[in-house]
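First comes the structure, then the notes that go with it.
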Amino acid sequence: MKTDEDVLDGFGLNYSKGHAILNMLEQSMGGAAFQRAIQAYMDEHQWSNTRSSDLWASLATETSVAVDVIADSYLELAGFPLITFGDDGVVSQTRFHNPGVELPEQRWQIPVATRYRNKESGDITESVFALTGQSVVLPEYSKAEWILPGAGGDGYYVWHTGDRRYKALLENLDALSAREKAAVFANSNQLLQGDIIGIDQHLQLLGGLLADDSMTLALSAVNGLRGIAGMYFQTELQSELKAYITRALTPWYEKLGTETRADDSDSARDLRPRVLRTLAEFGDKPELVAQMSKLAEQYLTKPESVDQRLGQEALRIAALFNGDEAMAKRYIRAYRETDNANLRSNLAFAMYFRDQAAMNSVLASLAKGDIQSGDVSLVIMGLFYASVDQRTLYQEFDAYFDNLAAKIPEFYRPTMPAFTSTGCNSENVALREAFYAGRDSSMNTQLRKSQESAQNCIATAERGYAAMAEFLKGP
Numbered sequence: 006m007k008t009d010e011d012v013l014d015g016f017g018l019n020y021s022k023g024h025a026i027l028n029m030l031e032q033s034m035g036g037a038a039f040q041r042a043i044q045a046y047m048d049e050h051q052w053s054n055t056r057s058s059d060l061w062a063s064l065a066t067e068t069s070v071a072v073d074v075i076a077d078s079y080l081e082l083a084g085f086p087l088i089t090f091g092d093d094g095v096v097s098q099t100r101f102h103n104p105g106v107e108l109p110e111q112r113w114q115i116p117v118a119t120r121y122r123n124k125e126s127g128d129i130t131e132s133v134f135a136l137t138g139q140s141v142v143l144p145e146y147s148k149a150e151w152i153l154p155g156a157g158g159d160g161y162y163v164w165h166t167g168d169r170r171y172k173a174l175l176e177n178l179d180a181l182s183a184r185e186k187a188a189v190f191a192n193s194n195q196l197l198q199g200d201i202i203g204i205d206q207h208l209q210l211l212g213g214l215l216a217d218d219s220m221t222l223a224l225s226a227v228n229g230l231r232g233i234a235g236m237y238f239q240t241e242l243q244s245e246l247k248a249y250i251t252r253a254l255t256p257w258y259e260k261l262g263t264e265t266r267a268d269d270s271d272s273a274r275d276l277r278p279r280v281l282r283t284l285a286e287f288g289d290k291p292e293l294v295a296q297m298s299k300l301a302e303q304y305l306t307k308p309e310s311v312d313q314r315l316g317q318e319a320l321r322i323a324a325l326f327n328g329d330e331a332m333a334k335r336y337i338r339a340y341r342e343t344d345n346a347n348l349r350s351n352l353a354f355a356m357y358f359r360d361q362a363a364m365n366s367v368l369a370s371l372a373k374g375d376i377q378s379g380d381v382s383l384v385i386m387g388l389f390y391a392s393v394d395q396r397t398l399y400q401e402f403d404a405y406f407d408n409l410a411a412k413i414p415e416f417y418r419p420t421m422p423a424f425t426s427t428g429c430n431s432e433n434v435a436l437r438e439a440f441y442a443g444r445d446s447s448m449n450t451q452l453r454k455s456q457e458s459a460q461n462c463i464a465t466a467e468r469g470y471a472a473m474a475e476f477l478k479g480p
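Residue numbers for the sequence shown, in my numbering: 6 to 480.
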């Protein structure tokens, strides 16, 4: 990375990629061997500078795996591979890409840890192999009922095992650990975006995760449902989608309730607000909107009486469904006057106003400096998230843009196109493109990335519309 644009383009990726590669190497070597190698590396190089080759050399002392070759192939190549398991036992790799995107092919050196069930004996076997070329023939996989690549939840690659075996895997999620289920969910998101599986298969997985006892997995599934809702809520499928989300989340709603309990785990305190927010926003529970609005009032009046995570979502629902100019002014006033740091932060995250007068009031307050500079971006994000048709909002935003841009920390200013989220809406994508045209060129990288993400969402929604409609009809 040599320029500010390079840094922005890879923001966050280097850390997540490095972490994933080390996890993959640990899985291939075995935990004990990996730990010994890391301890030796730390002892040998304490108080000194190192290169990546020093770490690979230390790891190599504890394994026959070609650590340096694997690591260098991942670090030197952009993107990541898609590993496909054919019915005939052929395992192959290609470069993963979204539909319609042409990229030069690459070859990775990939350690692949798998667990699979033999369809004849029913035995479950663990296996590790190296995929160093374009393909390899491994006959044992042709006899598998289902295959889990990335066993243990590690592996910096996307995988697909064919529709039949993938369906069998989704029907046998109980054979997987919680970490592995989370990895299957992450993989499913990539497969859906890459048009490798249908949205019905993705929803089948979400249903399995919601049925799991793990609240952490349920939270991932709820967030997954929110992503699906964002694709189809403003379409002719809205009524069926509302009914489906209500059915899917009601069991957790009944289990968790609407009030924080003394014996709640952290997972329960994370999951409850998300379930309530999703049901209120995308489900068919008008009484819940009223409850959340009442809770928002309690939180504003006596913030210490409401769990802050629940309070944040209550504020958001109140703004989305009942947010007029008076409420917007009250949120701003509470932000300025409170000495409760959590309430102030949650108010910045909850400016989800759709009413035009309310939006204008919030933008004017931003321009006056009523909101701390570090929170300006959060407020802008909230307004654009809540706005379905963003034409009027962009007109008002344009009048305040230079003022607001100056209030945002300089290092963060190039990311402003990400603040103005479009949702899965082609008209809003066009509005954002036109709005930022000719503005500060430092924003171009983030604009390109944000537009690409939105266009991928739109394309995924269009491809999956028929399957989504069929899924919502039910069996």
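Glycine included, C-beta positions come from ideal geometry on N, C-alpha and C.
Note down, one range per segment and in chain order, each alpha helix (DSSP H) of at least 4 residues found wholly within the stretch 413-456. The stretch 413-456 contains these whole alpha helix (DSSP H) runs: 421-424 and 431-441.
CB residue 63 to CB residue 46, shorter than 7 Å? yes
Return the CA-CA distance between residue 340 and residue 331, expressed in angstroms with no decimal places. 14 Å
Residues of its chain near residue 94, where Cβ-Cβ distance is below 6 Å and the 5 sequence neighbours each way are ignored: 142, 143, 144, 146 and 147
Would you mind reading off the limits of the alpha helix (DSSP H) that contains residue 190? 183-198
With three or more beta-carbon pairs closer than 8 Å as the criterion, would you say the stretch 281-288 touches the stretch 253-263? yes
Let me check understanding here. Comparing Cα to Cα, which of 133, 56 and 54 lies closest to residue 70? Closest in C-alpha terms to residue 70, from the list 133, 56 and 54, comes 133.
Would you decide whether residue 228 is buried or exposed? Buried here means 16 or more other CB atoms lie within 10 Å of its CB. Exposed, since its Cβ has fewer than 16 Cβ neighbours within 10 Å.
Return the first residue and the last residue of the alpha helix (DSSP H) that residue 281 is part of. 271-287
Out of curiosity, what's the CA-to-CA distance linking residue 42 and residue 55? Counting only the Cα atoms, residue 55 lies some 15 Å from residue 42.
Please state the DSSP three-state secondary structure of residue 82. coil
Does the beta-carbon of residue 271 have 16 or more other beta-carbons within 10 angstroms, so that it is buried, or is it exposed? Burial call: exposed.
Beta-bridge pairing of residue 141 - partner residues as DSSP gives them: 96
Indicate the three-state DSSP secondary structure (helix, strand or coil) for residue 154 in the structure shown. strand
Inter-residue CB distance, residue 217 and residue 260 (contact presumed, cutoff 8 Å): That belief does not hold up - the Cβ atoms of residue 217 and residue 260 are roughly 13 Å apart, past 8 Å.
List the endpoints of the continuous beta strand (DSSP E) containing residue 123. It spans 115-123 - the beta strand (DSSP E) in which residue 123 sits, taken as one unbroken run.
Take the Cβ of residue 90 as the centre, count every other Cβ of all protein chains shown within 10 Å, and call the residue buried at 16 or more, exposed below. buried
Below 8 Å, can you find three or more Cβ-Cβ pairs linking the stretch 193-211 to the stretch 415-430? No, they do not touch.
Please list the terminal residues of the continuous beta strand (DSSP E) segment that includes residue 136. 129-136
Beta carbon of residue 163, beta carbon of residue 101: below 7 Å? yes
Secondary structure of residue 164, DSSP reduced to three states: strand
Please check the pair residue 30 and residue 75, which I expect to be a contact at CB under 8 Å, by giving their CB distance rounded to whole angstroms. At roughly 7 Å, the Cβ-Cβ gap stays under 8 Å, so residue 30 and residue 75 are in contact.
Is it true that the CB of residue 177 sits closer than 7 Å to the CB of residue 151? yes
Euclidean distance between Cα positions of residue 237 and residue 388: Computed Cα separation, rounded: 20 Å.
For residue 334, which residues from the same chain have a beta carbon less than 7 Å from its beta carbon, with the 5 sequence-adjacent residues on both sides left out? 366
Relative to the C-alpha of residue 171, which candidate in 267, 215, 153 and 297 has its C-alpha closest? 153
If you reduce the DSSP assignment to three classes, tell me which class residue 216 lands in. coil
What do you get for residue 80, buried or exposed, if any count of 16 or more other CB atoms within 10 angstroms of its CB means buried? exposed
Can you list the beta strand (DSSP E) stretches of 3 or more residues lying completely in the stretch 283-357, in chain order? As summarised for the stretch 283-357, there are no continuous beta strand (DSSP E) elements at least 3 residues long confined to that stretch.
Taking C-beta to C-beta, are residue 391 and residue 436 nearer than 7 Å? no
Does the distance from the C-beta atom of residue 346 to that of residue 320 stay below 7 Å? no
Which residues does DSSP pair with residue 474 in a beta bridge? The partner list for residue 474 (beta bridge, DSSP) is empty, contrary to what the question assumes.
By the three-class DSSP mapping on this structure, what secondary structure does residue 71 have? The answer is coil: DSSP assigns residue 71 none of H, G, I, E or B.
What first and last residue would you give for the alpha helix (DSSP H) that runs through residue 252? 243-261
Suppose the cutoff is 7 Å on Cβ atoms and the five residues either side in sequence are ignored; what does the same chain contact list for residue 474 look like? 242
Through-space distance from residue 207 to residue 371, alpha-carbon basis: One Cα belongs to residue 371, the other to residue 207, and the distance between them is close to 40 Å.
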